[in-house]
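**Student:**
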Amino acid sequence: MVYDVTTSWAMIHHLDNSESAGPKSVTAGEEWRRRKKEPATINENHGRELLELHTVSPKAGYTQEDVIQLAYIMTGWQHRWSKKNLETGNVWFNSEYHQRGKKTVLGKEYKKGKKALASVIKDLVNHPNCRDFVAERLCRYLITDEPTKDMKQPIIDAFKKSDGHLPEIHKAAIKVAFDYNGKYKKFQTPENWLIQVAKIADLNWPPSPELMDKYELGQRPFDSQREPEWILQNIGHHPYRAKQPNGWSDHSDDWISPELLIRRLVYAKASYNFSKMENNKNAAYYESIVEKNFDNPSKIMKYINQKNRPVEKHTLLFNHPEFLKA
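At position 163 of the sequence shown the residue is numbered 1188 (our numbering), and the sequence of numbers has no breaks.
(1) Can you grab the Cα-Cα spacing for the pair V1051 / R1156, in whole Å?
(2) Indicate the three-state DSSP secondary structure (helix, strand or coil) for F1348 in the structure shown.
(3) Going by C-alpha distance, which of D1227, H1195, N1307 is nearest R1334?
(4) Since T1031 is in the alpha helix (DSSP H), which residue starts that stretch and which ends it?
(5) Among residues of its own chain, excluding the 5 on either side of V1315, which ones have a beta-carbon nearer than 8 Å to its beta-carbon?
(6) Counting pairs of beta carbons, one from the segment 1148-1164 and one from the segment 1175-1192, are three or more of them closer than 8 Å?
(7) Hey, quick one: how far does the alpha helix (DSSP H) through K1224 stretch, first residue to last?
(8) Tell me, which residues are paired with W1414 by DSSP?
(9) Below 8 Å on the Cβ atoms is my contact criterion, and I expect Y1166 with D1275 to pass it. Report the Cβ-Cβ distance as a whole number of Å.
(10) Have a look at A1223, A1309, D1204 and flag the residue whose alpha-carbon is nearest the alpha-carbon of S1296.
(11) If I'm right that L1191 touches I1180 with Cβ under 8 Å, what's the distance once you round it to whole angstroms?
(12) Near S1082, which residues of its chain fall below 7 Å by C-beta distance, leaving aside the five closest residues on each side in sequence?
(13) Whether or not the segment 1124-1138 and the segment 1084-1098 are in contact is what I'm after, with contact meaning three or more pairs of Cβ atoms, one per stretch, closer than 8 Å; do they touch?
(14) G1261 and P1215 look like a contact to me (Cβ under 8 Å); what is the Cβ gap, rounded to whole Å?
(15) What whole-angstrom Cβ distance do L1228 and S1300 have, given they're in contact under 8 Å?
(16) For V1150, which residues of its own chain have a beta-carbon under 8 Å away from its beta-carbon, when the five flanking residues on both sides are left out?
(17) Over what stretch of residues does the beta strand (DSSP E) that includes V1336 continue unbroken?
(18) Who are the Cβ neighbours of A1197 in its own chain at under 6 Å, not counting the five residues just before and after it?
(19) Do you know offhand how far K1255's Cα is from P1270's?
(20) Could you tell me whether the segment 1115-1131 touches the segment 1087-1096, where touching means 3 or more Cβ pairs closer than 8 Å?
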């Protein structure tokens, strides 16, 4: 999977790997470069993200030289350009841009050529720090901002035993989350919170699969198809606009602010009108939701029954501390 993502059009294009050329490549010696004084240079973006975000993380202790050497291995991986497809053609390996000679990443030597990328990725995903990094991110997402070694170990073991098989890794992560559920409650990100509101309240959101499947690549989406995007933007968690390459934060402190909490109150109130259930105007509706989804139903009902209007009950329920933290 890491290899497929690394060589995908989106990654090659948006991280500028097509423009990366080895200083010792065939391309480096082209006459037009000398005339225009445009020497062949590498672009480190893709190589740095492969190490930092997609495999071993900075805890592996890689150096700037490791980043450079990995960027050398990745030289030559480009997307094709054509009048018909513009820049959206298939990704290919252009040997004329590839850096000649051997490269060394994290102490291991790799030969030149197309096969080197698959080899280095295999070593990176089998590195102990990659297993630890994946386990830590899963624990941080599901359990607590500061995962312990004991939390991570079952996930690391599942990763190692299954050779990185994601279903087994996720099963282990879910089991660990349940094991620690009595001690830790993770403050939900806006995206998680919204999905839980939609699921528990049985909202007419997200749109049906039939509606979403009508979208065809290249067409402007229907307004109803874009509704999830707009809602997520309004609560501060737009799926495509994270401020940094590592995406939105999993740390609770980054989501606990007066503004973001007020936005949840506003959308919880608005979501009342999205409900599929006609009986959401009576108390039994909320009693059923609370009984089914909370460990302390009487405590929750006492809290939301402070208000008489159903829309107010709705707003209180989905902003109760035990709903914000799960």
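A virtual CB, placed ideally from N, CA and C, is assigned to each residue, including glycine.
Just so it is clear, the structure is predicted and the values come from calculations on it, not from any experiment.
**Tutor:** On the basis of the data shown:
(1) 38 Å
(2) helix
(3) N1307
(4) 1027-1031
(5) P1322, I1325, M1326, I1329, L1342
(6) yes
(7) 1215-1225
(8) Nothing about residue 1414 can be read from this structure; the chain reaches only from 1026 to 1351.
(9) With a Cβ gap of about 5 Å, Y1166 and D1275 count as contacting.
(10) A1223
(11) In this structure L1191 does not touch I1180 by the C-beta definition: roughly 11 Å separates them, more than the 8 Å allowed.
(12) N1154, F1158
(13) yes
(14) 5 Å
(15) Their Cβ separation, rounded to whole angstroms, is 6 Å, which keeps L1228 and S1300 in contact under 8 Å.
(16) V1027, T1080, G1189
(17) First-last for V1336: 1335-1342, but that is the alpha helix (DSSP H), not the beta strand (DSSP E).
(18) P1179, I1180, A1183
(19) One detail in the question is off: residue 1255 reads as Trp in this sequence, not Lys. Going from the Cα of W1255 to the Cα of P1270 covers about 21 Å.
(20) yes
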